Structures are given as structure tokens and as C-alpha cells.
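Counting in numbering that gives the first Met the number 0, the sequence shown runs from 0 upward without gaps. The beta carbon of each residue, even a glycine, is placed where N, CA and C say it ideally should be. Here the structure is a predicted model, which is why all the values come from computation and not from measurement.
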Amino acid sequence: MERSSATVDSAERAVTASALAVPHLPVHIKSEEKISVVVSRDGGLESCEILGSVSVSLTDPQFSTICVQMTNNDKHGAQLQVHPNLDKKEWQQRSVLKLKSANKPFPVNVDVGVLKWRLQLASEESLPITLNCWPNENPDGCVVNIEYTLQMEQMTLNNVVIVIPLPPATTPVVSECEGSYEYIKSKSQLVWAIAVIDESNKNGTLEFTTDNGQTNHFFPSIVNHELKAVWGKENRSKSLGEAASIEPNLINENSEFLKPNRVHL
Numbered sequence: 000m001e002r003s004s005a006t007v008d009s010a011e012r013a014v015t016a017s018a019l020a021v022p023h024l025p026v027h028i029k030s031e032e033k034i035s036v037v038v039s040r041d042g043g044l045e046s047c048e049i050l051g052s053v054s055v056s057l058t059d060p061q062f063s064t065i066c067v068q069m070t071n072n073d074k075h076g077a078q079l080q081v082h083p084n085l086d087k088k089e090w091q092q093r094s095v096l097k098l099k100s101a102n103k104p105f106p107v108n109v110d111v112g113v114l115k116w117r118l119q120l121a122s123e124e125s126l127p128i129t130l131n132c133w134p135n136e137n138p139d140g141c142v143v144n145i146e147y148t149l150q151m152e153q154m155t156l157n158n159v160v161i162v163i164p165l166p167p168a169t170t171p172v173v174s175e176c177e178g179s180y181e182y183i184k185s186k187s188q189l190v191w192a193i194a195v196i197d198e199s200n201k202n203g204t205l206e207f208t209t210d211n212g213q214t215n216h217f218f219p220s221i222v223n224h225e226l227k228a229v230w231g232k233e234n235r236s237k238s239l240g241e242a243a244s245i246e247p248n249l250i251n252e253n254s255e256f257l258k259p260n261r262v263h264l
């Protein structure tokens with residue numbers, strides 16, 4: 000199966016598309032985490048950085064002095080910063096995002112960042128999913144087996160997209176696939192897509208063959224997905240009732256796998 004570059008780019012942005020569907024009420028609170036992972040040759044975690052943020056957007060000036068109650072679930076020692084116009088004492092003691100002065104209200108129709116954090120993970124056990132990739136060379140080409148395993152079964156991953164590079168001028172023949180796949184001839188890539196990964200399908204396999212190529216042709220692979228944030232902060236607006244909309248905490252993950260055989264994301 001082949002498709003155009005424009006279609007490919009749309010699919011690779013699927014992990015952010017769901018945010019567009021969130022309805023915006025007079026107060027809109029957006030919380031987002033982005034994680035970037037690099038895995039070394041032997042499968043060890045080379046780097047893992049998480050950048051998180053919370054922003055507030057208003058369309059009604061009557062809510063310009065709102066405060067936001069957060070639930071701080073951080074157990075990994077994240078570096079936290081609140082906006083200079085917010086009361087640091089309220090944050091430190093009660094995890095409340097509150098303006099220092101009502102004379103400096105939130106502006107209307109502006110997306111204002113109020114909190115950000117940075118976290119580096121050192122343990123592979125803290126990551127939600129593993130990817131096990133085995134390209135086997137033979138006289139007729141390569142047989143490639145890739146298996147994912149959901150490490151944290153309480154999580155649900157959405158819009159998982161795994162981009163696998165291929166040897167030039169070769170068409171993969173897929174014999175097994177959990178989810179769907181598409182061959183992108185113009186980029187020499189195989190795109191593996193799984194709409195949802197949870198405890199009901201915590202393991203899944205993609206197997207394909209190529210008529211040429213070597214092991215290193217299938218690396219690095221790039222993985223993107225979204226899920227309910229687990230390293231950061233849950234939020235809720237105080238005393239706003241149905242006036243506030245909350246955009247789900249998302250993790251847009253971009254993980255690069257450098258070399259075989261066992262890698263984590």
C-alpha cells in the first residue's frame with residue numbers, strides 16, 4: 000500500500016489532532032507534557048526528558064482573576080516554575096495557581112502560560128511501553144519482527160504511530176500486523192499505526208520481509224503517541240462550574256531507537 004507525502008504528513012500529526020476536538024468554554028485550561036526519548040545501541044535509556052506546561056485562556060473578562068487548583072502527583076523530582084505574576088506561596092503550600100494581585104488579571108483571548116516543569120527520567124521502568132525489534136538477515140533479504148509491550152497496564156495509549164525506515168528500493172511484505180500499516184515508497188518507510196493500546200491488547204506484533212537490506216537499515220525508528228499524563232499535574236478550576244473546559248493532559252512522544260535489539264520508550 001502506498002500513499003502521497005501530504006497524506007503521510009497528516010497521519011504523522013495524528014497524535015495532536017484530538018486536541019482540536021476539545022470544546023472551548025469561557026475559561027479553557029490546557030495541560031500538556033512532551034516527552035523525548037533516545038535509546039542506545041544495547042537497549043539502555045540514553046536520555047528521557049519531559050517538558051510540561053499549563054496554560055489558561057479566557058473569552059469572558061468576568062473570570063479574569065480565577066485561580067486553578069492543581070493535584071501535584073510528581074514523585075520524580077520535577078523542576079517546577081510558576082509565572083512571575085502568580086503567588087508562589089499559594090503554589091508551594093496548596094498547589095493553587097493564583098494571581099498575586101487582582102490589578103494584574105489574566106488577559107482575554109490570550110493563551111497564558113501559568114506553570115511549567117522539566118523532568119529527566121533515568122529508569123527504563125518508568126516508561127510506559129517497550130519496543131522489541133529483531134531484524135534477521137538471510138540470503139533472500141531480511142525478516143523483521145517488532146513487538147510492543149505496554150509496561151504500565153493502567154495506561155491507555157492513543158494514536159500510536161511507529162515509523163520504521165526501510166532499505167532503499169525495497170517493498171515490504173507484511174505477514175502479521177496488530178493494527179494497520181502503510182508503505183510510503185517516496186520516503187522508504189513503513190508506518191505502523193495502532194489506534195489504542197491498553198490492557199486488552201498490551202502486546203502486539205508487526206512482522207514483514209524485505210528482499211534486500213541489512214539490520215541497520217531498520218533503525219532509527221520513530222514512535223509517537225498520546226496518553227493521559229502520568230508524570231505531571233491534574234487540574235481543575237475553582238468555583239467555575241460549567242464555565243470551564245479542560246483540555247486533557249497529553250504526552251506527545253517522539254522516541255528514537257538507535258540500534259537493535261531491545262529498546263524502551
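The DSSP-derived three-state label of N108 is coil. From the listed residues V111, K103, T129, P83, the smallest Cα separation to V53 is found for V111. Counting every other CB atom within 10 Å of its CB across the protein chains shown gives L50 a total below 16, marking it as exposed. If you look at K33, you'll find it in the beta strand (DSSP E) that goes 26-38. Using a C-beta cut-off of 8 Å, the segment 84-92 makes no contact with the segment 116-130, since fewer than three inter-stretch Cβ pairs fall below that distance. Boundaries around Q92 are those of the alpha helix (DSSP H), 87-93, since no beta strand (DSSP E) includes it. Here the alpha carbons of K103 and S179 stand approximately 51 Å from one another.
In the DSSP annotation of this structure, the continuous segment of the beta strand (DSSP E) that includes S46 starts and ends at 44-57. Collapsing the DSSP output to three states places E177 in coil. L114 and V190 have their C-alpha atoms roughly 35 Å apart. Secondary structure at E123: helix, using DSSP grouped into helix, strand and coil. By a beta-carbon distance limit of 8 Å, L205 contacts E175. Their separation comes to about 7 Å. The straight-line gap separating the alpha-carbon atoms of R93 and Q68 is approximately 8 Å. Counting the other Cβ atoms within 10 Å of the Cβ of V159 gives 16 or more, which makes it buried. Here C141 has P134, T209, G212 as same chain residues with Cβ atoms under 6 Å from its own Cβ, once five neighbours each way along the sequence are excluded. Minimum Cα-Cα distance from K33 among the listed residues V222, V26, T170, P60 corresponds to V222.
Take D59, set aside five residues on each side of it, and the residues of its chain with a beta-carbon closer than 8 Å to its own are P25, V26, V107, A242, in chain order. Annotated three-state conformation of P219 is coil, per DSSP. Taking V109 as reference, the option from Q80, S56, K99, N144 with the minimal CA-CA separation is S56. The closest CA to that of E31, considering only T64, E45, R117, G43, is found on R117.
The three-state secondary structure of S185, taken from DSSP, is helix. If you draw a straight line from the Cα of I163 to the Cα of Q80, it is about 37 Å long.
N211 sits in coil when the DSSP states are folded into three classes, being neither helix nor strand.
Listed in chain order, the non-local C-beta contacts of I245 below 6 Å within the same chain comprise I28, local neighbours out to five positions each way being set aside. Proximity to F207 across E45, C132, K74 peaks at C132, based on C-alpha coordinates. P134: member of the beta strand (DSSP E) spanning 128-137, first to last residue. Taking Q78 as the centre and dropping the five residues before and after it, the same chain places the C-beta of W116, R117, L118 closer than 8 Å to its C-beta, in chain order.
Annotation for M151: P127 place their beta carbon closer than 6 Å to its own, counting only its chain and skipping 5 residues before and after.
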